[in-house]
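Here the structure comes first, spelled out in structure tokens, and everything after it is commentary.
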Amino acid sequence: MAALTLVSGSVGLITLQNPPVNALSSAVRQGIVDTVQRAVSDPQVKSVVICGQNGVFCGGADIKEFGKTMLGPPLVPMIHTIEAADKPVVAAIEGSALGGGLELALGCHYRITHSKARLGLPEVTLGLLPAAGGSQRLPRLIGVPAALDLITTGRHVTAAEALKLGIVDQVTDQSTVEAAVKFALSVEVQSLTSRRISTLPCPCPADVDALFEGVMQRVRQRGRGAIAPVACVQAVQAAATLPYAQGMEREQELMATLFTSGQARALQYCFFSQRAVSRWSLPSGARWDSTKPNPVTKVAVIGLGTMGRGITVALVQAGLSVVAVETHEQQMMAAQRAVSGMLERLAQRQGVPLALDRVRFSTELEAVADVQIVIEAVFEDMALKKQLFKQLSSLCPAETLLFSNTSSLDIDHLAAQTDHPQQVVGMHFFAPAHIMKLLEVVYGPRSAPQAVATAMELGKRMGKVSVAVGNCRGFVGNRMLMHYLEEALFLLEEGSSPESIDQALKEFGFPMGVFQMSDLSGLDVGWKVRKAQGLVEPGQMSRVRQGRRYSPLGDLLCEQGRFGQKTGQGWYLYDPAGSRTPRPDPWLQRFLEQYRARQGLVSRRIDSEEVLERCLYALINEGFHILHEGIAAGPEDIDMIYVFGYGWPRHRGGPMFYASQVGLARVLQRLEHYHQLHPDVPHLQPSSLLRQLVSSGSPPIQRWKEAIRKPHSAL
Ligand SMILES: CCCCCCCCCCCCCC(=O)CC(=O)SCCNC(=O)CCNC(=O)[C@H](O)C(C)(C)COP(=O)(O)OP(=O)(O)OC[C@H]1O[C@@H](n2cnc3c(N)ncnc32)[C@H](O)[C@@H]1OP(=O)(O)O
Ligand SMILES: NC(=O)C1=CN([C@@H]2O[C@H](COP(=O)(O)OP(=O)(O)OC[C@H]3O[C@@H](n4cnc5c(N)ncnc54)[C@H](O)[C@@H]3O)[C@@H](O)[C@H]2O)C=CC1
């Protein structure tokens, strides 16, 4: 919908009306076509201003309409009509002008922007390209290098940057519509010849071929198999080398391929899932929209190692005051130096003032007495954490929330140490905590809805994608990861190599393979966990432990002091010491050959399809168990955990979405096949939910929840 009113005697003001972001739905497009036509043909109207309702210009095409039959007028001719109008059209940009929203503005003759507005062509993040002329107009307006940057990354720019780049004509701190109307009045009699961007030549640097080659190489590397960034480069190349009309044909041709691709579906699923996971609910029926989070201004972090330092930085960046506690002066000073350095670097990079004065370092636990939230990040040691929670319970007022960053320990056991177990929740950050976007908020049976709401809200303030999950060993992410890691080890035993397994996973789109990732995290971390579970038998080669298949390979490496990157050797060699580049290790190859010989295993050739199926389907199968138990509320929760915490390629939508695209029947059949071959590997036995979904005709992922009877965590 769009409304036309006459203002200041001669300005036709068109207001887009489609809350919350004035997306260009078919109704809005129809409204624009109608109002523009009326304004252009009204002799009283000498100029036109287009703005959006409620402080937002336009969030672009209505993504919810993608995949449905396209109704209403198409965008390209609509924008062309605006550009071709013989009366000046001014875009008044407040809030956001994104995607089709910015393309609409580029069709206008002038752009006036509020200083707080954000502009961009983020289509690439949805698996698309700016196909309403954006890939052809933007390079003509701001030049090829800057357009390539914006279109291939999809990044949003501030009004100030937009002005500097030449995207907008004026920035205002006052009412944008008033400024735009005033501006429109001032240009009513001016020629529009130079204002129609599609008619301008595309300014190209001298070495334009080398530029495209370099950018293409970069986007292929960064994109990890994503097709949209490549198409974006090709579209801009068309703008640089072809007349506008032919460039538009190329733009549409490239868009047609992208629009129906599985990658676009996956990325659009991620867009909505990222927003859906914030609408949490608990088994008790408590929900995000009926539970008020506590106000939070001051938070304590206890334990300033790898995680505590990152959490402190993220809290400060979110504008909170932090009390940071370590055991001894020396550790505290080291942490203080590290946190200061991190904050300084961030302040420099972001051009914001340093906020060091918001952190108070201490070695006294009593310093936490006046905070609203305590986040515990001490060693992963149950006895230590239990003792700490007991101390905190007596030290802090009853209303203080006590959160733990444990990655594997039972939240309920910690809650049981306190007088107010309803105040205890897990807040599982990922390393490095000030950078990684994922936060698992782990609730137990006694966690109060308000405590969960406060953790979710705090995560949001810290810029995290927070997902509420039930309490179980490994929560969601690590519980699924365990089987992925195990399958990789079994594949090694059967004849594969770390390099070929990692290569298959990288080609799938992970930033690194499972063995490189393990070397980076430290092999000793998993070793400690397995020891605590009673799985490690030093020097023993037995391949059955606790009644199921077990690979002792990781333990054997640790027994040799091979902990990964930090010791220079793990699944790979890091030479010289401290190097981050993994190199195949001839020692490991010999070690694996000897190991197989001692175990009586006959090495065979394993192709990348088997690597992917066994590693990924094992992980996905556990995801179905998690859904069935109600530990995760829906497949979107699992998918967002994997996309934001574990490097799952976003253009594949997350593991559960990927399963839905492969076809649930196919996943089930392959799991059955592998389980038949490996009956002593329980994680290859298909989950009953997967069977149930297949027997009910493999419904689309949006309808899986209907098949999950238990609404939530069984705990
Ligand atoms: C055979 C095939 C032939 C093929 C030929 C193909 C031809 C097709 C031609 C089509 C050409 C179209 C080209 C085009 O125009 C492409 C686009 O414009 S794609 C869209 C680009 N825009 C974006 O990516 C912006 C997305 N939105 C945002 O980034 C943020 O929402 C925004 C910064 C605008 C606001 O942020 P915030 O205030 O934080 O609010 P939320 O993010 O929580 O959003 C609130 C609410 O609104 C929903 N929403 C946002 N944007 C859109 C949108 N563009 N469409 C639909 N809905 C949108 C969002 O989902 C939230 O609702 P929930 O219910 O919470 O999910
Ligand atoms: N390292 C990782 O990648 C991740 C770790 N975690 C979890 O975060 C927690 C911390 O892990 P890391 O930071 O890696 O450990 P770390 O070993 O780097 O740091 C722990 C810190 O806690 C301090 N500490 C120990 N007892 C203390 C006490 N009583 N009071 C104050 N400080 C104390 C130690 O001096 C040390 O600096 C663990 O529970 C771990 O499982 C969670 C996600 C990822």
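The opening residue of the sequence shown carries number 2 in the numbering used here; numbering runs sequentially from there.
Every residue gets a Cβ at the ideal spot worked out from N, C-alpha and C, and that includes glycine.
Check                                                                                                                                                                          : Outcome
Within 10 angstroms of the Cβ of Ala715, are there 16 or more other Cβ atoms? Answer buried if so, exposed if not.                                                             : A caution first: Ala715 carries a pLDDT of 43, below 50, which makes its placement in the model unreliable, though a value can still be read off. Exposed is the call here.
What would DSSP say about Ala417, mapped onto helix, strand or coil?                                                                                                           : coil
Opposite His429 in the DSSP bridges: which residues?                                                                                                                           : Glu441
Using C-beta distances below 8 Å, list every residue in its chain close to Ala4, excluding the 5 sequence neighbours before and after it, in chain order.                      : Ile15, Thr16, Gln18, Gly32 and Thr36
Can you tell me where the beta strand (DSSP E) holding Arg112 begins and where it ends?                                                                                        : Tyr111 to His115
Does the beta-carbon of Gly61 have 16 or more other beta-carbons within 10 angstroms, so that it is buried, or is it exposed?                                                  : buried
For Glu552, which residues of its own chain have a beta-carbon under 8 Å away from its beta-carbon, when the five flanking residues on both sides are left out?                : Note that residue 552 is Ser in the sequence shown here, rather than Glu. Taken in chain order, the residues that qualify are Glu487, Leu490, Phe491, Leu493, Glu494 and Arg544.
Suppose the cutoff is 7 Å on Cβ atoms and the five residues either side in sequence are ignored; what does the same chain contact list for Leu129 look like?                   : Ala229, Met256, Leu259, Phe260 and Ala265
Does DSSP put Glu189 in a helix, in a strand, or in coil?                                                                                                                      : coil
For Arg549, which of helix, strand or coil comes out of DSSP?                                                                                                                  : strand
Could you have a look at Ser9 and say whether DSSP puts it in helix, strand or coil?                                                                                           : coil
DSSP has Leu17 in a bridge; who is on the other side?                                                                                                                          : Ala3 and Gly53
Just verifying my parser: in three-state terms, what is the DSSP assignment at Arg361?                                                                                         : strand
Tell me whether the beta-carbon of Leu344 lies closer than 8 Å to the beta-carbon of Leu366.                                                                                   : no
Please report the residue range of the beta strand (DSSP E) in which Val468 lies.                                                                                              : Val466 to Gly471
Can you tell which of Ile374, Asp150, Pro89 and Glu214 has its C-alpha closest to the C-alpha of Val41?                                                                        : Pro89
Do you know offhand how far Glu214's Cα is from Lys165's?                                                                                                                      : 26 Å
What did DSSP end up calling Cys233 once you bin it into helix, strand or coil?                                                                                                : helix
Quick check on the DSSP output: the beta strand (DSSP E) that includes Arg119 runs from which residue to which?                                                                : Arg119 to Gly121
When every heavy atom of ligand 2 is checked, does at least one fall within less than 7 Å of the C-beta of His414?                                                             : no
Give me, in chain order, the residues of the same chain whose beta-carbon lies closer than 6 Å to that of Gln662; leave out the 5 immediate sequence neighbours on both sides. : Gly263
Can we count Asp63 as close to ligand 1, meaning its CB is less than 7 Å from some heavy atom?                                                                                 : yes
Taking just the CA atoms, how far does Thr298 sit from Val22?                                                                                                                  : 30 Å
Taking 7 Å as the line, does the beta carbon of Phe564 fall inside it for any heavy atom of ligand 2?                                                                          : no
Is the beta carbon of Ile374 less than 8 Å from the beta carbon of Leu347?                                                                                                     : no
For the region 245-293, list the alpha helix (DSSP H) runs that are entirely contained and at least 4 residues long, ordered along the chain.                                  : 245-260 and 263-277
Tell whether a beta-carbon distance below 8 Å holds between Gln451 and Asn295.                                                                                                 : yes
Does chain C have any CB closer than 8 Å to the CB of Ile436?                                                                                                                  : Reference to chain C is not applicable here, since this structure consists of a single protein chain.
Pull up the distance between the alpha-carbon of Thr292 and that of Thr455, whole angstroms please.                                                                            : 9 Å
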